[in-house]
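A.B. asks: Mind having a look at this structure? Questions to follow.
2 protein chains.
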Amino acid sequence: MLWSMPAIPQRLTRKEYDARVPKLREDLVQLQVQLKESPFKILLIIAGYEGAGRGEVINTLSGWLDPRGVETFAFQEPTDEERERPFMWRFWRSLPTCGRIGIYAGSWYTEALREETFSRITAGEISKELERIQHFEKLLADNGTLIVKVWLHLSKVAQRDRLHALESNPDTAWRVTPEHWYHFRNYDRIARAARRILRSTNQPSAPWTVIDAEHERTRNAAVAKLILTRFRAHCRKHKATTKNLRMAAKPLQPAGLKRLQALPLTQSLSALEYEQKREKWLGRLNQAVRAAHAAHRSVIFVFEGWDAAGKGGAIRRLTSAIDARHYRVIPVAKPTDEEKAHHYLWRFWRHVPRAGMVTIYDRSWYGRVLVERLEGFASTAEWRRAYGEINDFERQIASHGTIVVKFWLQISKDEQLRRFREREATPYKLHKINAEDWRNRRKWAGYEAAVGDMLALTDSSFAPWQLIAANDKRYARLSILKTASKQIEASLGTSIV
Amino acid sequence: MLWSMPAIPQRLTRKEYDARVPKLREDLVQLQVQLKESPFKILLIIAGYEGAGRGEVINTLSGWLDPRGVETFAFQEPTDEERERPFMWRFWRSLPTCGRIGIYAGSWYTEALREETFSRITAGEISKELERIQHFEKLLADNGTLIVKVWLHLSKVAQRDRLHALESNPDTAWRVTPEHWYHFRNYDRIARAARRILRSTNQPSAPWTVIDAEHERTRNAAVAKLILTRFRAHCRKHKATTKNLRMAAKPLQPAGLKRLQALPLTQSLSALEYEQKREKWLGRLNQAVRAAHAAHRSVIFVFEGWDAAGKGGAIRRLTSAIDARHYRVIPVAKPTDEEKAHHYLWRFWRHVPRAGMVTIYDRSWYGRVLVERLEGFASTAEWRRAYGEINDFERQIASHGTIVVKFWLQISKDEQLRRFREREATPYKLHKINAEDWRNRRKWAGYEAAVGDMLALTDSSFAPWQLIAANDKRYARLSILKTASKQIEASLGTSIV
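Here the protein sequences line up with chains D and H, keeping their order. Converting from the first sequence to this note's numbering requires adding 60 to each position, the first position being numbered 1. Converting from the second sequence to this note's numbering requires adding 60 to each position, the first position being numbered 1.
What follows is the structure, given as structure tokens:
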């Protein structure tokens, strides 16, 4: 249907419209009742020419829908909190929760359209931007989101007539601004840009629909009808996801598992050696992080590792080298209900640091391909898809200038047993061990396969995995300080070695 | 205990400290286990002189506590999203949820201390700022929050020695910055300012404790001990809240009820009259809101009223006059679990608009003194306290320049019955009516008393109540457009009448 203008539809007379609206309203509200109980959301993007009535369509729909289940978004100039984070952050933070409708008056297309129209950026840059949009929409659609994208079409003549009509009525004249006429003068450029952008973002999971906006009543009814049609098709398509725990426990990429198992775990440091070297590396890390801060570069640390591998202790040593005003530790436990009502990456996007700040994730998005894979919380399709989604997420952060340091803390199965027993015997460590830890331990081989795949499939130049031999806590802590310092220095191009 | 220096405590030797720490850690973790199940949070504010070891205390405590239940906060320069909202917004957004500990390296005291020390603002301004802090802490404490405020004391000589010691060791020299020495040179001024600020914010519900920070081990142990002591006392004090539904249904302030009942409800507008006037007032409201936007003044609309009073319809007419990019409707329904784990005002603070933007609350914080009062969701003490808390909240918003327009949509009991029946008979309106609406209706007299009290006790010059006769929908909608336009114009001093 894209861009092939639909055959001029029968224009609805006032009488036909009035007769049709009550049923449309009833159907829309029924849709919302059904949606409310569904594990997905609807994103409705209303784009189109100036004067095509984007605002009116949105106001009309808002009047028909139950407003308690709808949020309308528009985007001004990015705030400094937004500018200091990857471009898509502002859209991630705006996403409605499952069961709700988000209506986008402005969206991730607004900037792309403007830039494409006025050639403000190069063709390469615009391709990248469109690719980012494609990935974003695919990621949400893969997760069940229904994405309805509408382009309100208006011929050049119709645009002029619409603006004139509004202007000549003293009661509506305020609706027309000089910006509208500027757009009119650039109609052809905008049309060309829109055609290119719509074509390249017209994906099966997020198709565009062009709606003729010349006739207001017909336009409103068409948008409502489209939402209803797409929703019904979406519900039919929605299949049960399959879980295959047998497959979850087998490696996809044996190379990763080999790399993990090849890591020597016998290195250790005496208390004296550790004391001697610690302050030096704390100082060096402090300098590296301060240099990053001064350069407005953020740092994200990801700590993953076996239960009892020493993540908490390592994080506390690491943070002791960083100004308390500059870092934040995000302990990742069970998601809240707001988090559960979003895509699994939402809760991590939420905490992406501002320019110059440090975020330390104590466990992370890798839960998707570790615990969620092994326990069947994610279907086979979901966790297999996650490697690509995660790479894409990290690429976006890294492209923004953020330094991504990822640690896997590796211990042997015997060492874990020793630590579990120690925890059980030490009153103030007792809270760190529970039945779940023992259950996870029994699935060691399965987790090992999953860790191996993670190492093989998400080890990128922009976010490499750092394997840390952690059987000896002092050795591990010092390795982490060293590795962190060196990776940050290398990223800044300021290695002092 | 405030500012009377505690008798110099026995300094803990390394051996004594090492012997004591395991028990402290165990007790702290036990505290967290108990806190996790409690309906309150702990805020720990660590203030004090430079070099007194605020960062070290926080790092030590973070090492002793289970980091999954702790969040540490520090505050940089406010971001533009923060600057464009009332001062306390950034602290509201930082508050941890119930069951957790928030550690504040910087806090709402940081700015006050700096301003008081260097006399950057007038005595009147500083008093207002301290009053705001008192209100904020009292509000949280009244709601059950345990607030522990620590001032780490260091004599001038001790401060100098500490800085010298750090500087002379090449491994720790990086910890000392020119700012530290600047503070040392201003020791006396800072001491005087701190004394004044601590005295005037030393409330029974949020007392200060001064801890001698000269000896590091003793200092660390003292802070940990203080948290434990305060937590135990807090748990003992925590009584069951009383609910008295009989009292909830009786008016506190009959004047408000009289005002409500005196409102004539017979006015109406013909369809023709409404059509004639609507566009004019929509245009005028549009101009008023655009003028507010241009002046970076925000507008908050509060819509309250009986079930079926026509809030939704009135909001849709109102928003049709506002640029979709500038407003946001917040429908207030059941709180999410993140919201439930906060003070009841948190979910409203969350949506306070940026400069120049409009937020429309479809129901609001007044739920506290309406439904929560009548249904016993809030105890008698809680809803009675709420009038003052709400006035304080609205004063803060209004002082920041936000225009607060509050509507109560009044209909008669008969009119409500008619609308309920109509809703039940109209398929697309059926979702708007349920058993709860009928239940609320049976409590009409009680709700009327509560509405009266609300009108009497929260009708302020900075956030006045606008009573709207809403038996006739057209009349109500036009009244709302008129009232909104006029209040905004008056606030801007740009009335065009």
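For each residue, glycine too, the CB sits at the ideal point set by N, CA and C.
According to the Cβ coordinates, are Val-392 of chain D and Arg-423 of chain D closer than 7 Å?
C.D. replies: yes
A.B. asks: Along the chain, where does the beta strand (DSSP E) containing Gln-526 of chain H start, and where does it finish?
C.D. replies: 525-529
A.B. asks: Run down chain D in chain order and give the residues with a C-beta less than 8 Å from the C-beta of Asn-119 of chain H.
C.D. replies: Arg-376, Thr-379, Ser-380, Ala-384
A.B. asks: How would you list, in chain order, the residues of chain H whose beta-carbon sits under 7 Å from the beta-carbon of Trp-234 of chain D?
C.D. replies: Gly-343, Asn-346, Gln-347
A.B. asks: When the Cα of His-275 of chain H is compared with those of H:Asp-221, H:Ser-265, H:Ala-354, H:Ala-254, which residue comes out closest?
C.D. replies: H:Asp-221
A.B. asks: Count the CB pairs spanning the stretch 452-468 of chain H and the stretch 359-377 of chain H that are closer than 8 Å, and state whether there are at least three.
C.D. replies: yes
A.B. asks: According to DSSP, simplified to helix, strand and coil, what is Leu-72 of chain D?
C.D. replies: coil
A.B. asks: Are the C-beta of Tyr-77 of chain H and some C-beta of chain D separated by less than 7 Å?
C.D. replies: No, its Cβ sits nowhere closer than 7 Å to a Cβ of chain D.
A.B. asks: Please state whether DSSP places Glu-274 of chain H in a helix, a strand or coil.
C.D. replies: If DSSP states are grouped into helix, strand and coil, Glu-274 of chain H belongs with coil.
A.B. asks: Answer yes if the stretch 217-231 of chain D comes into contact with the stretch 187-200 of chain D, meaning at least three C-beta pairs across the two stretches below 8 Å, and no otherwise.
C.D. replies: Segments in contact, no.
A.B. asks: Give a yes or no on whether the C-beta atoms belonging to Tyr-447 of chain D and Arg-428 of chain D are separated by under 7 Å.
C.D. replies: no
A.B. asks: Are the CB atoms of Val-283 of chain H and Val-210 of chain H within a distance shorter than 7 Å?
C.D. replies: yes
A.B. asks: On a Cα-Cα basis, can you pick out the residue from H:Glu-484, H:Ile-257, H:Trp-152 that is closest to Phe-408 of chain H?
C.D. replies: H:Trp-152
A.B. asks: Excluding the 5 residues flanking Glu-110 of chain D on each side, which residues of the same chain have their C-beta closer than 6 Å to its C-beta?
C.D. replies: His-240, His-243
A.B. asks: Name the chain D residues that come within less than 7 Å of Pro-395 of chain H, Cβ to Cβ?
C.D. replies: Residues of chain D passing the Cβ test: none, with the nearest at roughly 10 Å.
A.B. asks: Count the CB pairs spanning the stretch 80-88 of chain H and the stretch 132-152 of chain H that are closer than 8 Å, and state whether there are at least three.
C.D. replies: no
A.B. asks: At a Cβ cut of 9 Å, what residues of the stretch 486-509 of chain H count as close to chain D, listed as they run along the chain?
C.D. replies: Thr-486, Pro-487, Tyr-488, Lys-489, Leu-490, His-491, Lys-492
A.B. asks: Residues of chain D with CB under 7 Å from Gly-461 of chain H, in chain order?
C.D. replies: The premise fails here: Gly-461 of chain H is roughly 18 Å from chain D at the closest Cβ pair, so nothing lies under 7 Å.
A.B. asks: What residue range does the beta strand (DSSP E) around Val-389 of chain H cover?
C.D. replies: 387-391
A.B. asks: Would you call the stretch 340-351 of chain D and the stretch 306-322 of chain D touching, i.e. three or more CB-CB distances under 8 Å?
C.D. replies: Fewer than three beta-carbon pairs drawn from the stretch 340-351 of chain D and the stretch 306-322 of chain D are found closer than 8 Å, and the two stretches are therefore not classed as touching.
A.B. asks: Using a beta-carbon distance below 7 Å, is Gly-372 of chain D in contact with chain H?
C.D. replies: So, interface residue.
A.B. asks: Straight-line CA distance for Met-65 of chain H to Leu-212 of chain H?
C.D. replies: Low per-residue confidence applies at Met-65 of chain H: pLDDT is 46, beneath 50, and the placement is therefore not dependable, though the value from the model is reported in the following sentence. Answer to the nearest angstrom: the Cα atoms are 11 Å apart.
A.B. asks: Which residues in chain D have a C-beta closer than 8 Å to the C-beta of Gly-115 of chain H? List them in chain order.
C.D. replies: Asp-383, Ala-384
A.B. asks: Per DSSP, Asp-422 of chain H is paired with what?
C.D. replies: H:Phe-363, H:Pro-391
A.B. asks: So that I know if they touch, is there some Cβ in chain D lying closer than 7 Å to that of Ala-134 of chain H?
C.D. replies: yes
A.B. asks: What's the gap between the Cα of Ile-561 of chain D and the Cα of Ala-253 of chain H?
C.D. replies: This structure cannot settle anything about residue 561 of chain D, because the visible part of chain D is limited to 61 through 557.
A.B. asks: Quick check on the DSSP output: the alpha helix (DSSP H) that includes Lys-542 of chain H runs from which residue to which?
C.D. replies: 533-552
A.B. asks: Return the first residue and the last residue of the alpha helix (DSSP H) that Ala-352 of chain H is part of.
C.D. replies: 331-354
A.B. asks: Should Pro-238 of chain D and Cys-158 of chain D be called a contact, given that it needs their Cβ atoms to be closer than 7 Å?
C.D. replies: no
A.B. asks: Shorter than 7 Å from the beta carbon of Arg-74 of chain D to some beta carbon of chain H?
C.D. replies: Against chain H, the CB of Arg-74 of chain D has no partner CB under 7 Å away; the residue lies outside that interface.
A.B. asks: In its own chain, which residues sit with a C-beta less than 6 Å from the C-beta of Tyr-164 of chain D, not counting the 5 before and 5 after it?
C.D. replies: Ile-105, Phe-133
A.B. asks: How many angstroms separate the CA atom of Ala-308 of chain H from the CA atom of Pro-138 of chain H?
C.D. replies: 42 Å
A.B. asks: Residues of chain D with CB under 8 Å from Arg-85 of chain H, in chain order?
C.D. replies: Tyr-488
A.B. asks: Going by DSSP, which residues form a beta bridge with Thr-132 of chain H?
C.D. replies: H:Ile-163
A.B. asks: Counting contacts by CB-CB distance shorter than 7 Å, is Thr-139 of chain D in contact with chain H?
C.D. replies: yes
A.B. asks: By how many angstroms is the C-alpha of Leu-430 of chain D removed from the C-alpha of Ile-540 of chain H?
C.D. replies: Taking the straight line from one Cα to the other gives about 55 Å.
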